[in-house]
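S.K.: Sending over a structure as structure tokens; questions will come in a sec.
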Amino acid sequence: MHSPDFYAGDPYPAYRELRATDPVTWNAEHEFWALLKYEDIRFVSANPALFSSAKGITVPDPAIENPVLDGSLIFSDPPRHRQLRKLINSGFTRRQVAILEPKLRAFARSALDAIDPAAGTEFAEQIAAPLPTRMIAELLGAPDKDWEQFRTWSDATVGMDDPDVELDTFTAMGELFQYFQELIALRRNGVLTDSDDLLSVLVAAEVDGVRLEDQDLLQFCLLLLVAGNETTRNLIALGMLALIERPDQFQLLREHPELMPSAVEELLRFTSPVANMSRCATRDVEIRGRTIQAGQYVTMLYGSANRDEEVFGPTSEELDITRNPNPHLTFGCGEHSCVGAQLARLEAR
């Protein structure tokens, strides 16, 4: 449960067994607790005072530097997190996302029209990967001329272990920070004054007399690029694969396109594109009779929670695009629920 190979395979039989036998399980090799039940993950997510994000959202690996950006939205706890979230929410509205829809549909049609039906295509590479990257570039106001470079940076930030990615991840992040700083400066200095992109809105945002500092904006841009890129491309690619492997569901969706919203929710549940996130206990806490000591990490396995039989019933392991209700945890819950959830849903549709 600490290795990417575990998630790249089929983790669901292991999840199913552990939910039944050891739902709060201790990983002795890497020294963290894994949570597999829906309600336990909701409990941790709802209690940031007990389970902190400030020390990182992954279990620390002694072999690499702990990737924590102090003060970043995703690595902060209340009250700082609430202040940042309130400011970002003021710009990341349904209206901002809706502005993107015509561009998103046009790009999707263009990408699909470029496919030769006789030759086939690599769907993940030609559709699932560029779509979210292009939308994030649009959202942040990156000019069209920078699109190819932006995609190179984006691929590198999510491809740390990918041998096909040539640019070093940390080099890419450094270049991205410099690039985003230039975009912010254009807006701070009044060079760009009539833009309605998210970055322009956030530069001008003010809540209770407080504005976002440049460092806050830089970290949010990087967070949006990484979190909004990898997870959405996984959702689109894995969702398409799930439908191809279940032709009855695919045909049902073709015959009833009005089911698209519920189909997207079900694919979010079924594929769980965010495998896990971790928190650090701030004091001793007991969950299901197991004592989690202060300073120990707990890892929330969203893929397991999203197939918990106690919540999703006897069909929890099946894909059902008509499932309703569908209270999946793919976007998390509580203080750290995904700020870009509406954008991800739009891209998937």
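So for the sequence shown, the numbering used here puts the first residue at 314; every next one is plus one. Backbone N, C-alpha and C fix where the C-beta goes; we use that ideal spot for every residue, glycine too. Just so you know, these numbers come straight off a predicted model, no measurement behind them.
Give the single residue among Thr584, Phe625, Glu623, Gly602 whose Cα lies nearest to the Cα of Tyr320.
M.R.: Thr584
S.K.: When DSSP labels each residue in this structure, what does Met573 get in the three-state scheme?
M.R.: helix
S.K.: For Arg329 and Phe625, I'd like the C-alpha separation in whole angstroms.
M.R.: If I take the Cα positions, the gap works out to 13 Å.
S.K.: Express the C-alpha separation of Gln462 and Ala550 in angstroms, rounding to a whole number.
M.R.: 23 Å
S.K.: Express the C-alpha separation of Ile401 and Asn547 in angstroms, rounding to a whole number.
M.R.: 25 Å
S.K.: Which residue's Cα is closest to the Cα of Glu543: Leu453, Asp468, Ser389, Ser403?
M.R.: The option with the nearest alpha carbon to Glu543 is Asp468.
S.K.: Output needed for Pro391: all residues of its chain with C-beta closer than 8 Å, excluding positions within five of it in sequence on either side, in chain order.
M.R.: Pro361, Ala362, Glu648
S.K.: Mind checking which residues open and close the beta strand (DSSP E) that includes Ala594?
M.R.: 589-594
S.K.: For Thr338, write down the residues that DSSP places opposite it in a beta bridge.
M.R.: Ala347
S.K.: Between Leu642, Arg332, His394, which lies nearest to Tyr615 when the distance is taken from Cα to Cα?
M.R.: Leu642
S.K.: Please report the straight-line C-alpha distance between Thr338 and Val587, rounded to a whole angstrom.
M.R.: 20 Å
S.K.: With DSSP as the reference, identify every bridge partner of Glu579, one or two as the case may be.
M.R.: Glu579 pairs with nothing; no bridge assigned.
S.K.: Which of the three DSSP states is assigned to Leu566 in this structure?
M.R.: helix
S.K.: Taking all protein chains shown into account, do 16 or more other C-beta atoms lie within 10 angstroms of the C-beta of Ile354, making it buried, or fewer, making it exposed?
M.R.: Label assigned to Ile354: buried.
S.K.: Given that a residue counts as buried once 16 or more other Cβ atoms are within 10 Å of its Cβ, and exposed if not, what is Ser508?
M.R.: exposed
S.K.: Do Leu572 and Leu565 have their C-beta atoms closer together than 8 Å?
M.R.: yes
S.K.: CB-CB under 7 Å to Leu417, same chain, minus the five flanking residues each way: which ones, in chain order?
M.R.: Met448, Leu659, Glu660
S.K.: With H, G and I counted as helix, E and B as strand and the rest as coil, what does DSSP make of Leu614?
M.R.: strand
S.K.: To which residues does DSSP link Ser365 through a beta bridge?
M.R.: The beta-bridge partner set that DSSP reports for Ser365 consists of Cys593.
S.K.: Does the contact criterion of 3 or more C-beta pairs under 8 Å hold for the segment 439-453 versus the segment 410-428?
M.R.: yes
S.K.: Helix, strand or coil for Val504, going by three-state DSSP, please let me know.
M.R.: coil
S.K.: Excluding the five sequence neighbours on either side, which residues of its own chain have a C-beta within less than 8 Å of the C-beta of Asp633, listed in chain order?
M.R.: Gln562, Glu579
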